[in-house]
Structure formats: structure tokens, C-alpha cells
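Here is the structure we will look at, set down as C-alpha cells.
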Amino acid sequence: MSHPLTRKIHDTHAALASTFTKLKRTDVPPPGALLEKWQIQTGGEHTFDNRFEGQVLGTNETETNYHWPDAFAYRLKDVRLAGSGGHVFFQDGSLFNVDPLTRVIKKDRTVRRPIKGLARVEKGPLLHLCGPNSENHGHFILDYLPKLMPFLERFRAEPSARILLSPGRKKWQCRYLARFGITPDRVIEMDHGTLETDELWYAPILHSEDGIAKLSDPANHLAVRDALAAKPTTENAPLCIFASRLDAPNKKILNEERLAERAREVLGDVRIVKLSEHPLDEQLRLFASATVIIGAVGQNLTNVLFTSGKLVIFMTLEEKLWPGKRSWGRAYHNLALLTGNKAVMLTRDTPDDKDHNWTFNEDRFTDVLRKSWELFQRNRGRVA
């Protein structure tokens with residue numbers, strides 16, 4: 090059955106089903122469905138030294154922090170998964186509702202439900218690594234690879250286990266999985282309909298539900314960093330990378346090239362880098378080798394995870410769009426600090442359009458970059 094037809098059938102089924110019956114959600118697997126449950130993350134909080142940014146911006150925010158919840162992994166028996174995100178359903182028709190990204194879906198009719206007669210059957214164990222936003226490299230690195238970490242040793246020890254990804258993503262996601270020794274023959278894709286398996290290994294996204302700094306236990310992110318990090322090189326290494334978003338669908342800084350020119354006035358050597366034009370290995374090498382990294386928040390900045398000792402200047406509009414949540418803007422700020430960089434976060438100071446594209450004040454940007462660069466060099470023992 091073709092993907093468009095599969096989607097249409099399941100969407101129609103979901104709409105009709107939600108009209109007549111309320112979708113049953115559960116945090117607890119029903120009797121007989123749970124083979125094993127174990128804790129994979131203990132809730133906690135991490136506090137970072139933010140004095141560098143405070144000195145540059147003249148603020149009193151000398152610390153920044155984020156928290157993460159307790160989290161558990163599950164071995165589940167005889168489940169059905171529905172839709173490209175792989176929503177997990179038990180035999181009684183209930184939806185497993187422990188994932189933060191599942192809980193935020195309030196409209197029942199948007200959740201594809203399994204159709205038994207159309208189910209594709211796959212022998213387990215299957216390790217669930219599919220879900221919303223996984224088409225984005227940044228989300229895959231920061232949301233999905235961390236929840237692989239608690240299963241990794243078990244996965245390596247069980248030759249029949251396979252990883253389940255969302256449809257259409259195997260080719261590029263296998264490039265990341267290869268860094269953990271996972272070969273493509275051990276990876277399959279979900280489709281847009283129903284999949285049935287006798288054993289599923291499942292963990293939710295590991296960050297907190299409240300939208301503040303969406304990161305999990307630092308140990309998870311550092312394990313991902315250790316697997317993917319590249320060694321820096323001085324050969325053809327730019328002093329500064331301006332991580333472009335001009336090839337992104339939205340949240341572009343429309344005066345990005347002018348900001349890069351202003352950065353050249355301060356730093357000299359500034360290279361605009363569009364990640365879509367560089368293979369993974371080259372991306373990692375470029376970020377590891379540069380001294381200064383500039384950009385707007387998005388997947389273009391995710392490689393900051395694999396850097397250390399850099400000056401990171403980035404711009405975000407999220408704290409103005411969603412006041413109080415801080416969300417990914419603060420998450421990238423904490424990510425840069427987590428791996429040993431100096432970071433300065435600049436919030437939007439101009440209007441945005443319907444796609445949240447915007448411009449950033451060029452004089453303000455230049456002033457902050459100059460102050461940051463001078464302080465960064467002094468802290469490294471070199472006077473500008």
C-alpha cells in the first residue's frame with residue numbers, strides 16, 4: 090500500500106474514532122504488557138557559571154541552570170505502533186502516554202491509531218528511536234541520541250535487536266548511529282500506518298515537560314559528544330564560523346550576511362557555513378577547529394555540543410515569542426557551557442514575520458561581539 094494511501098486511511102480512521110470514542114491514555118502498561126522496567130535517569134539540576142555573559146551584557150545573571158526528571162525504560166510485549174512517530178498502543182487500545190512530546194498532543198483526532206488488519210509485523214526486539222521532530226538533525230542529536238544511551242550496552246549484546254526510526258530518515262541518521270558501531274542492517278524504519286511487534290524497547294524523551302532548557306542529564310549529552318566529536322585541526326581552519334540559517338525553512342536572520350561583514354570588522358577571518366553544504370565529518374571538524382562560533386538558534390548550532398574552549402555568540406527570538414519558557418534558546422546556551430565554552434545569548438530586538446524570520450540590530454551585534462572577543466582573549470591570557 091502506498092504511503093499517501095496509508096496516511097489517508099489512518100488519518101480518516103483517527104478522525105472517525107475520535108468522534109465516537111475518547112482516546113484512552115495511560116502512564117502504566119496494562120497487565121501482561123510489561124516485561125521489564127528500570128530507571129535510566131535520576132532527576133536533578135545542573136548550574137553553570139554565567140559570569141562571562143554577565144560581564145559582556147552588564148547583567149547580574151551570574152548563573153544559569155536547567156533540570157531534568159526521573160525517567161524509566163520499558164521492555165514491552167505485543168504492542169502496536171501507529172503513524173510516522175511510532176505512537177505506542179497496547180492490546181487494549183490505550184496509548185502509552187509517558188513521553189513529553191506525546192502529552193502535548195491534545196487533539197485526539199491528530200493521533201493516528203493502529204489498524205490491526207493493516208499492520209506490518211516485525212520481530213523484536215525493536216528499540217524505539219522514532220518520533221516527532223526527528224527529521225531535524227538538531228532534535229535527533231539532542232532528543233533522540235540521548236535516549237539511545239541507556240540501551241546501548243544491551244543493544245550491542247543482543248544481535249537480534251534492531252533500531253526503529255521514523256520513515257525516510259534511515260540514510261542520514263545511520264551516519265550518526267555508525268559512530269556508536271551500529272550498522273544499517275540493524276536499523277529499520279517505521280511507516281505511516283501500523284506496525285506490530287512482540288517486543289519493544291522504549292524510553293521517552295528525557296528532558297523536562299515544562300519547556301525550560303530542553304536538555305536531559307548532562308551525562309547523556311556528553312556520551313553523545315564523546316562518540317561524535319572530531320579532533321581540531323589548524324589546516325584551513327577559520328578563526329570564526331558564522332553558522333548560517335539561510336537554508337532553513339524559517340527563523341532565518343535576514344541580515345545574516347551583513348552581520349557576518351560586521352564580524353569581519355572585529356575578527357577578520359569569518360566564514361559563513363551552511364551545514365547542508367558539508368558532510369557530517371567536515372561539519373564536526375570545522376566546529377572543532379574554529380575559535381569563535383556565531384549564529385541563530387537552530388540545528389545549525391547543534392555542533393556546539395562537540396566543541397570546547399570556544400567563544401559562542403548566538404541570537405534567539407524564542408524568549409520573546411514564548412516569554413518565561415526560554416526553551417531552546419536557553420538550552421543552546423547551557424549546551425555551550427556544558428562542553429566548556431564561553432557563551433553569550435542575545436534575544437530578539439526587532440519584529441519577526443509570519444515565518445519568524447527576523448533581523449538583528451547590527452550595531453548592537455558588533456558591540457557585543459567586540460566586548461566578548463576582548464574579554465575572551467583576556468581570559469585566555471592574551472591582550473587584544
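The sequence shown begins at 90 in this note's numbering and counts up by one.
Yeah, the Cβ is synthetic: ideal placement off N, Cα and C, and Gly gets one too.
- Inter-residue Cα distance where the pair is L203 and T191: Here residue 203 is Pro; the residue named in the question, Leu, does not match the sequence. If you take the alpha carbons of P203 and T191, they lie about 16 angstroms apart.
- CB V393 to CB L424, shorter than 7 angstroms? yes
- Task: Assign T286 to one of two classes, buried (16 or more other C-beta atoms within 10 Å of its C-beta) or exposed (fewer than that).
- Result: buried
- Message: Using 8 angstroms as the cut-off, can you tell me whether the segment 357 to 374 makes contact with the segment 304 to 314, which would need three or more C-beta pairs spanning the two stretches below that distance?
- Response: no
- Whole angstroms is fine: what's the gap from F109's alpha carbon to S183's? 15 angstroms
- Query: Is the segment 214 to 228 touching the segment 167 to 184, taking contact as three or more C-beta pairs under 8 angstroms?
  - Reply: yes
- Best match in R96, P239 and N186 for proximity to I129 [C-alpha to C-alpha]: P239
- Message: On the DSSP bridge list, what partners appear for I383?
- Response: F331 and I402
- Query: The alpha helix (DSSP H) with G175 in it runs from where to where?
  - Reply: First-last for G175: undefined, no H or E at that position.
- Message: DSSP has L343 in a bridge; who is on the other side?
- Response: Answer by DSSP bridge pairing: none, since L343 is not bridged.
- Message: Using 8 angstroms as the cut-off, can you tell me whether the segment 274 to 289 makes contact with the segment 246 to 255, which would need three or more C-beta pairs spanning the two stretches below that distance?
- Response: yes
- For E125 versus R169, is the C-beta distance shorter than 7 angstroms? no
- Message: Here's the rule I'm using: 16 or more other beta-carbon atoms within 10 Å means buried, otherwise exposed. How should R314 be labelled?
- Response: buried
- Message: Using the three-state DSSP reduction, which class does L284 fall into: helix, strand or coil?
- Response: strand
- Message: 7 angstroms is my cut-off, CB to CB: does S183 come that close to chain D?
- Response: The structure shown contains no chain D; it holds only a single protein chain.
- Query: Could you check where the alpha helix (DSSP H) with E242 kicks off and where it finishes?
  - Reply: L241 to A246
- Item | F141 versus R243, E242, G429 and L105, residue with shortest Cα-Cα distance | G429
- Query: Less than 7 angstroms separating the beta-carbons of P293 and D188?
  - Reply: yes
- Item | Per-residue burial, G418 [other beta carbons within 10 Å of its own, 16 or more giving buried] | buried
- Message: Taking the straight line between their C-alpha atoms, what separation do you get for A162 and P440?
- Response: 43 angstroms
- Item | 6 angstroms Cβ shell around M404 - same chain, five flanking residues per side excluded | A385, L435 and F449
- Message: For the alpha helix (DSSP H) containing N309, name the first residue and the last one.
- Response: P307 to L317
- Query: Helix, strand or coil: which one does DSSP assign to I194?
  - Reply: coil
- What are the residues that DSSP puts in a beta bridge with W157? G133
- Residues bridged to M434 (per DSSP): F403
- Task: State yes or no: is the C-beta of P214 within less than 7 angstroms of the C-beta of W261?
- Result: no
- For T391 versus I194, is the C-beta distance shorter than 7 angstroms? no
- Under the three-state DSSP convention, the category F449 falls into: coil
- Unbroken stretches of the alpha helix (DSSP H), 4 residues or longer, contained in the segment 217 to 279: 234 to 237, 241 to 246 and 259 to 266
- Item | Proximity below 7 angstroms, CB of V401 to CB of V145 | no
- Query: For D370, does the three-state DSSP call read helix, strand or coil?
  - Reply: helix
- Item | Cα-Cα separation between L369 and K212, rounded to whole angstroms | 32 angstroms
- Query: What's the gap between the Cα of C219 and the Cα of M279?
  - Reply: 8 angstroms
- Message: By the three-class DSSP mapping on this structure, what secondary structure does T95 have?
- Response: helix
- Task: Please state if the CB of L406 and the CB of W462 are separated by a distance shorter than 7 angstroms.
- Result: no
- Message: Measuring straight from C-alpha to C-alpha, what distance separates R474 and D197?
- Response: Because residue 474 is not part of the residues shown, which for the chain are 90 to 473, the question remains open.
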